[in-house]
Each structure stands twice: as C-alpha cells, then as structure tokens.
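Everything on this sheet refers to the single structure shown next.
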Amino acid sequence: MVPIRPITITGEPVLHQRAQEVESITDDIRTLIADMYETMEAAPGVGLAATQVGVGLRIFVFDWHDGETLHRGEAINPTLELGPVSEDWPDEDTELEGCLSIPGERYPLKRAETAVLRAMNLEGEAYEISATGWLARIFQHEFDHLNGTLYADRLLKPYAREIKRVIKGEGWGEPGHTWMPGKDFLEP
Ligand code: ZN
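Per the working numbering, numbering through the sequence shown is continuous, rising by one, with the last residue being 199.
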C-alpha cells in the first residue's frame with residue numbers, strides 16, 4: 012500500500028512558483044511518483060502535479076480513459092507545444108475545468124485543441140504524445156502547474172472574480188491549507 016499524500020490548496024507558495032527540473036531519477040523520485048499515482052486515484056483526478064503534493068519538481072502524472080484508450084503515465088521534465096487557442100467564449104457545459112488544489116469548483120476555460128507533450132518516463136526514456144481535446148487540456152492544466160499557474164489565473168474576468176470570491180470565502184489563498192483524499196469529502 013502506497014501512501015496517499017495531502018493535496019496543497021491555492022495559496023500554498025509551491026503552487027505559485029516555477030518548479031525545478033528533476034536532475035536524476037532517484038529512489039525518492041520513484042516513491043514520489045508512486046505516491047502521486049495513489050493520491051490522484053484517491054482524489055480522484057485525471058492529473059496531478061508534484062506541486063500539488065507540496066514538491067516543487069517538474070513532474071506530473073495523468074490517468075484518463077477516453078472511452079477507447081487509457082492514457083496513463085508520468086511526465087518528468089516535460090515540454091508542451093500548443094496549437095492555437097480560440098478566442099471564442101468558453102462553453103459552460105463542455106469546457107468546464109476543475110483543479111484538485113481549488114477543490115469542489117469548476118469554471119469554463121478555453122484551451123488549445125492540440126498539444127504535443129515531450130517528457131521522460133520513470134525509466135528515463137524520452138517519449139512524445141500528440142494529444143487532442145480533453146487529453147490536450149489535461150496536459151495544459153498539469154504543465155501550467157509546473158510553472159506556478161493555476162487555471163484560476165487564466166479565467167475570463169467574470170469567472171475569475173467568482174473564483175476569487177470562493178477562495179476567499181473558504182479561507183484559502185494563504186499558505187498552510189491542504190486536504191486529504193479519502194478523508195476529506197470536498198467534492199460534491
Ligand atoms: Zn490543478
């Protein structure tokens with residue numbers, strides 16, 4: 012049984028800073044990634060960045076089934092090449108995004124329809140995934156985390172105002188808040 016780690020909530024400094032490159036894949040990194048998978052599953056979530064378990068390293072994990080294929084893996088020191096982002100207003104039903112570090116909330120956000128992820132896996136092998144649609148969105152959301160950007164930072168004005176109010180109302184937006192998957196029931 013791998014331990015589940017507490018998930019950091021917006022306001023925790025590690026979530027708002029650029030994460031550092033992984034220099035070598037040590038036992039600590041292997042343990043971290045195993046815990047990240049476990050934590051993502053327990054949350055549950057389709058992606059989780061190391062900064063969300065309080066570690067400022069450039070790693071994220073993802074686990075999403077599109078109905079045909081399971082997309083699951085770890086991205087170490089990733090880069091992301093984006094297609095264009097539409098300037099249309101985001102759809103309130105099909106383009107809702109959420110984040111485990113702002114638990115319980117969802118707001119519409121436009122993302123690039125396509126993204127090419129280049130990263131390293133736990134074996135130290137480089138790989139590339141050309142993603143579209145929701146998988147591309149997951150990659151953009153998680154990659155943003157490694158640069159200290161939350162989806163709340165990208166929302167259009169009315170949604171940005173709303174989420175700010177929610178964060179303030181919950182007493183978040185300052186250091187020291189976490190929640191524990193499997194113990195705290197923040198999701199509706
Ligand atoms: Zn997130």
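From the three backbone atoms N, C-alpha and C, an ideal C-beta is built for every residue, glycine too.
- For residue 35, the closest alpha carbon among the candidates 133, 81, 163 and 182 is that of 133.
- About 28 Å separates the beta carbons of residue 24 and residue 169, which is beyond the 8 Å limit, so they are not a contact pair.
- Relative to residue 37, the option among 138, 87, 57 and 80 whose CA is nearest is 87.
- Within the stretch 110 to 174, the complete alpha helix (DSSP H) runs of at least 4 residues fall at 144 to 157.
- Counting along the chain, residue 86 sits inside the beta strand (DSSP E) bounded by residues 81 to 93.
- Check the Cα spacing between residue 146 and each of 181, 136 and 123: the tightest is with 123.
- Boundaries cannot be given for residue 30, as no beta strand (DSSP E) includes it and DSSP labels it neither H nor E.
- Minimum Cα-Cα distance from residue 114 among the listed residues 77, 56 and 39 corresponds to 56.
- Take residue 27, set aside five residues on each side of it, and the residues of its chain with a beta-carbon closer than 6 Å to its own are 159, in chain order.
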